[in-house]
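Chemist: Structure provided below as structure tokens; questions to follow.
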């Protein structure tokens, strides 16, 4: 009499199932030394791959890489310009980190920066005669933070109340902010007497002072690093947003006000981005343009992920990406390398650096010979 079994082997060929050739498994933990080795190997692989591209362009890779370093740190002027590039990257990465820590995929930092710049520019253009310089700059900073905070809070409110898709919502808000800026530049704020639409340069009273040759925005963002770090690591609110990011159901079970956490976090995230917009118009550009954000909001996502959402580590990666961008500008001039090729070189390096984070958090398991025999009934 046949043996009746209450269970079925779902891996048998009769049922059409087989062990996958490759599985991705999350690592429970990894030693810091091994993580550093993986990152070092990724950087080396990136430099080697980039060297192949440089060779195809007909240049010596060592000379090009050396010139990139000189372009970023070879003089005081170069160093200051590199820091100026790093300032908005670091500030925007802090804004991104708060929302991403909560698993709120805020792709709207670009628009929040721009809307903060618009709000700050209003006071710089039309109120500079009505208040002393220190009060004007303070008002501009507050206006940028309020505008950016509200711009970020709106998607948070819709997500908390109606469960809307925050990725699309925040992304669309970028285009609305850009459309508003273009309207102002071509209409009410257009500088008179010019053949093409631009917004007037800020008066001296509306410009940030400099410290060690760079506008004081670098000091402001370093202070923000400390504040965001302690907010995430030491405050009750930071703990709440971390729990919400891990599991909304767990947060609800613990009695946390999930909706309030989402709205509050996006308000703070947007406010930081709006402050970055103020730093750009008042410290770097001295005017408002459609390039005030200039892709910073998107690049900041790379900074945040490379830093594993750690505000302190973001300082390093902000400088790293700023070095690549400033160095790329140098090699375009020195070696006549096209801007597109320089961007590809930066992309290669960042691709490898981001890719290594995958291997730090996950490992690949290939199907063994034993599993193949068990599944198929014969050896591969």
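Numbering (this note's numbering), first residue to last: 1331 to 1710. All residues carry an ideal CB built from backbone N, CA and C; glycine is no exception.
1. Would you mind sorting residue 1651 into buried or exposed? The rule is 16 or more other CB atoms within 10 Å of its CB.
2. What do you reckon, are the CB atoms on residue 1614 and residue 1431 nearer than 7 angstroms?
3. Cutting at 8 angstroms between CB atoms, please list the residues of its own chain near residue 1708, excluding the five before and the five after it.
4. According to DSSP, what are the bridge partners of residue 1545?
5. Just the Cα atoms here: how many angstroms apart are residue 1511 and residue 1448?
6. Enumerated in chain order, which unbroken segments of the beta strand (DSSP E) with a length of 3 residues or greater are wholly contained in the segment 1516-1596?
7. Run through DSSP, which three-state label would residue 1660 get?
8. Can you grab the Cα-Cα spacing for the pair residue 1555 / residue 1424, in whole Å?
9. Does the segment 1594-1612 come within contact of the segment 1547-1565, defined as at least 3 CB pairs closer than 8 angstroms?
10. Throw me the rounded Cβ distance for the residue 1394 and residue 1665 pair, which I believe falls under 8 angstroms.
11. Under the rule that 16 or more other beta-carbon atoms within 10 Å means buried, what is residue 1692, buried or exposed?
12. Just confirm the distance between the C-beta atoms of residue 1616 and residue 1531, as a whole number of angstroms; I'd bet it's less than 8 angstroms.
13. Leaving out the 5 sequence neighbours to the left and right, which residues in its chain are closer than 7 angstroms to residue 1629 when beta-carbon positions are compared?
14. Can you tell me whether DSSP reads residue 1458 as helix, strand or coil?
15. How many whole angstroms separate the CB atoms of residue 1444 and residue 1514, which I take to be in contact at a CB cut-off of 8 angstroms?
16. Are the beta-carbon atoms belonging to residue 1391 and residue 1384 less than 7 angstroms from one another?
17. Take residue 1596 as the anchor and find which of 1354, 1436 and 1655 has the nearest alpha-carbon.
18. Which term fits residue 1481, buried or exposed, when burial requires 16 or more other beta carbons within 10 angstroms of its beta carbon?
Modeler: Let me lay it out:
1. Within the chain shown, residue 1651 is the residue found at index 321, counting from 1. Within 10 angstroms of the beta-carbon of residue 1651 lie 16 or more other beta-carbons, which makes it buried.
2. Residue mapping note: residue 1614 aligns to position 284 of the chain shown, counting from 1. Residue mapping note: residue 1431 aligns to position 101 of the chain shown, counting from 1. No. Outside cutoff.
3. Here the question's residue 1708 lines up with position 378 in the chain shown. Because residue 1708 sits at a pLDDT of 47, beneath the cut-off of 50, its placement in the model cannot be relied upon, and the point is left open.
4. In the chain shown, residue 1545 corresponds to position 215, counting from 1. According to DSSP, residue 1545 bridges with 1540.
5. Counting from one through the chain shown, the residue named residue 1511 turns up at place 181. Counting from one through the chain shown, the residue named residue 1448 turns up at place 118. Approximately 7 angstroms, taken between the alpha carbons.
6. Fully enclosed beta strand (DSSP E) runs of 3 or longer: not present.
7. Taking the chain shown and counting its residues from 1, one reaches residue 1660 at position 330. The answer is helix: DSSP assigns residue 1660 an H, G or I state.
8. As a working mapping, residue 1555 is identified with position 225 in the chain shown. As a working mapping, residue 1424 is identified with position 94 in the chain shown. Going from the Cα of residue 1555 to the Cα of residue 1424 covers about 7 angstroms.
9. The segment 1594-1612 vs the segment 1547-1565: in contact.
10. For the purposes of this step, residue 1394 is identified with residue 64 of the chain shown, where counting begins at 1. For the purposes of this step, residue 1665 is identified with residue 335 of the chain shown, where counting begins at 1. With a beta-carbon spacing of about 6 angstroms, residue 1394 and residue 1665 fall inside the 8 angstroms limit used to define contacts.
11. If you number the chain shown from 1, residue 1692 lands on position 362. Answer is exposed; the Cβ neighbour count stays below 16.
12. The residue labelled residue 1616 in the question sits at position 286 within the chain shown. The residue labelled residue 1531 in the question sits at position 201 within the chain shown. Sure, about 5 angstroms apart at Cβ, within 8 angstroms.
13. Position 299 of the chain shown, counting from 1, holds the residue named residue 1629. Taken in chain order, the residues that qualify are 1419 and 1651.
14. Within the chain shown, residue 1458 is the residue found at index 128, counting from 1. In the three-state reduction of the DSSP assignment, residue 1458 falls in the coil class.
15. By 1-based counting over the chain shown, the position of residue 1444 is 114. By 1-based counting over the chain shown, the position of residue 1514 is 184. Contact flag wrong, Cβ pair sits at about 11 angstroms.
16. Mapped onto the chain shown, residue 1391 falls at position 61. Mapped onto the chain shown, residue 1384 falls at position 54. Yes, they are a contact pair.
17. In the chain shown, counting from the first residue as 1, residue 1596 sits at position 266. Of 1354, 1436 and 1655, the residue nearest in Cα terms is 1436.
18. Along the chain shown, read from residue 1 onward, the residue named residue 1481 stands at position 151. Residue 1481 is buried by the Cβ-count criterion.
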